[in-house]
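Reviewing the structure listed below.
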Amino acid sequence: MAGNAKYQPGDRVRIRVGVPPTHFRTPEYVQGKQGRIETLWGAFPNPESLAYGGDGLPAQPLYQIEFAQTDLWENYKGAATDTLLIDIYEHWLENI
Amino acid sequence: MAENGHNPGHEDGHGHGENAEYYSLRAEAMQALLIEKGVCTLDDILTMADKIDSRSPEDGAKVLAHAWVDPEYKKRLLADAESALLELGYDLPETAPKLTVLENSDEVHNMAVCTLCSCYPRSIIGRPPAWYKGLAYRSKVVVDPRGVLREFGTELDDSVQVRVIDSSADFRYLILPKRPAGTEGMSEEELAKLITQESMIGVAQALSPESVRAG
């Protein structure tokens with residue numbers, strides 16, 4: 001199903017920056033940030049198409065990505081090992 | 097946030113209280129449109145609402161308590177939550193988002209949020225509490241998870257890794273809280289009473305056996 005996935009667990013990626021005038025599920029606080037692929041979930045219909053009555057195809061590989069909290073926030077108050085996980089579709093990822 | 101730490105979403109104007117009438121009218125209008133345009137039937141909507149309302153935190157607690165007492169079941173639950181739930185008679189609706197269980201331990205503490213809306217493992221623990229949908233929780237937990245934990249009465253040592261999971265897509269996350277100390281002799285039924293809704297979201301630990309006895 002996810003045979004065409006561009007990335008594998010362990011790869012480091014950057015989240016694309018963008019605010020398309022449509023429904024999208026990539027929160028702005030992770031945009032432009034670098035993280036590591038934790039899990040490749042498989043391919044899922046694209047919510048940006050589904051939200052407007054489309055068929056969601058082609059399905060997009062979906063990845064669980066882990067960020068160091070200190071990479072997300074300049075003045076992060078917790079421990080240096082704290083992380084944040086979020087699921088992001090492949091078309092929002094770019095190579096570092 | 098609320099001073100008692102248990103209602104950190106109520107002051108954010110999420111739509112409860114004074115806006116209730118507006119949101120109720122909007123929901124009715126949307127329902128009428130969905131039916132008129134043939135997207136779904138009234139029956140579909142009522143069936144789905146019944147499905148969600150038939151689940152409650154007690155269902156999740158029952159499953160997670162079973163995972164506490166049966167290590168082999170826990171492995172299956174963490175590897176493939178949907179099949180493991182089916183073993184206990186919980187057949188999730190086909191239309192429900194995928195479900196994954198994350199385990200809290202002495203080393204890692206997971207906590208779940210949906211910063212974009214209110215994604216939640218409804219298919220197994222029902223509707224989320226109001227604060228979970230509120231802007232206060234959703235915006236604070238990703239920036240200052242340990243601060244949110246403190247508001248819920250949970251202080252974690254810096255040696256414990258805190259992992260916030262933002263459910264932003266097709267997966268929903270149920271947290272398996274750490275089994276409290278002093279629970280060795282307890283039955284599965286007694287253990288389930290220690291597993292609260294807050295602990296399955298990850299903003300709190302499971303209750304201690306002492307607090308339940310005292311209560």
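Same order as they appear, the protein sequences are chains L and X. Sequential numbering from 1 applies to the first sequence in this note's numbering. Sequential numbering from 97 applies to the second sequence in this note's numbering. Ideal Cβ positions, reconstructed from N, Cα and C, are used throughout, including at glycine.
{"Check": "Using a Cβ-Cβ cutoff of less than 8 Å, which residues in the same chain neighbour residue 76/L once the five nearest sequence positions on both sides are dropped?", "Outcome": "69, 70, 82"}
{"Check": "What residues in the region 67-87 of chain L have a beta carbon less than 7 Å from any beta carbon of chain X?", "Outcome": "73, 77, 78, 79, 81, 82, 83, 84, 85, 86, 87"}
{"Check": "Secondary structure at residue 243/X, three-state DSSP: helix, strand or coil?", "Outcome": "helix"}
{"Check": "Quick one, which of 253/X, 151/X, 294/X, 274/X has its alpha-carbon nearest residue 80/L's?", "Outcome": "253/X"}
{"Check": "Residue 138/X and residue 82/X - do their beta-carbons sit closer together than 7 Å?", "Outcome": "Residue 82/X falls outside the range modelled here, since chain X spans only 97 to 311, and no answer is possible."}
{"Check": "Closer than 7 Å, Cβ to any Cβ of chain X: which residues of the region 16-33 of chain L, in chain order?", "Outcome": "25, 27, 29"}
{"Check": "Give the range of the alpha helix (DSSP H) segment to which residue 228/X is assigned.", "Outcome": "226-229"}
{"Check": "Given that residue 92/L touches chain X, what residues does it touch there, using C-beta distances under 7 Å?", "Outcome": "In chain order: nothing, as chain X lies at least about 10 Å away."}
{"Check": "Buried or exposed: where does residue 234/X fall if 16 or more other Cβ atoms within 10 Å of its Cβ makes it buried?", "Outcome": "buried"}
{"Check": "With DSSP run on the structure shown, which of helix, strand or coil describes residue 199/X?", "Outcome": "strand"}
{"Check": "Could you tell me which chain L residues have their CB closer than 7 Å to the CB of residue 212/X, listed as they occur along the chain?", "Outcome": "25, 27"}
{"Check": "Could you name the residues of the region 164-177 of chain X whose beta carbon sits closer than 8 Å to any beta carbon of chain L, in the order they occur along the chain?", "Outcome": "none"}
{"Check": "For residue 258/X and residue 205/X, which I take to be in contact (beta-carbon distance under 8 Å), what is that distance rounded to the nearest angstrom?", "Outcome": "5 Å"}
{"Check": "Using three-state DSSP, classify residue 111/X as helix, strand or coil.", "Outcome": "Unreliable placement is indicated for residue 111/X, whose pLDDT of 46 sits below 50; the coordinate value is still reported in the next sentence. Coil, per DSSP."}
{"Check": "Using a C-beta cutoff of 7 Å, does residue 226/X count as contacting chain L?", "Outcome": "no"}
{"Check": "Have a look at residue 184/X and residue 162/X and give me their C-alpha separation to the nearest angstrom.", "Outcome": "9 Å"}
{"Check": "Below 7 Å between beta carbons: does that hold for residue 26/L and residue 92/L?", "Outcome": "yes"}
{"Check": "In chain X, which residues lie with their C-beta within 9 Å of the C-beta of residue 7/L?", "Outcome": "None at all; the shortest Cβ gap to chain X is about 15 Å."}
{"Check": "Among 208/X, 280/X, 154/X, 291/X, which has the Cα closest to the Cα of residue 262/X?", "Outcome": "208/X"}
{"Check": "Taking Cβ positions, are residue 192/X and residue 150/X nearer each other than 7 Å?", "Outcome": "no"}
{"Check": "By the criterion of Cβ-Cβ separation under 7 Å, what are the contact partners of residue 267/X in chain L?", "Outcome": "41, 87"}
{"Check": "Beta-carbon separation of residue 6/L and residue 90/L under 7 Å?", "Outcome": "yes"}
{"Check": "Once DSSP output is grouped into helix, strand and coil, what is the label at residue 147/X?", "Outcome": "helix"}
{"Check": "Could you tell me which residues DSSP pairs with residue 180/X in its beta bridges?", "Outcome": "According to DSSP, residue 180/X bridges with nothing at all."}
{"Check": "Taking Cβ-Cβ distances below 7 Å as the criterion, which residues of the region 248-259 of chain X are in contact with chain L?", "Outcome": "254, 257, 258, 259"}
{"Check": "CB residue 260/X to CB residue 62/L, shorter than 7 Å?", "Outcome": "no"}
{"Check": "Any C-beta of chain X sitting closer than 7 Å to the C-beta of residue 62/L?", "Outcome": "yes"}
{"Check": "Which residues share a DSSP beta bridge with residue 127/X?", "Outcome": "Paired residue(s): none; residue 127/X is not in a bridge."}
{"Check": "Does the Cβ-Cβ distance between residue 278/X and residue 221/X come in under 7 Å?", "Outcome": "no"}
{"Check": "By alpha-carbon positions, which one of 94/L, 17/L, 30/L ends up nearest to residue 211/X?", "Outcome": "30/L"}
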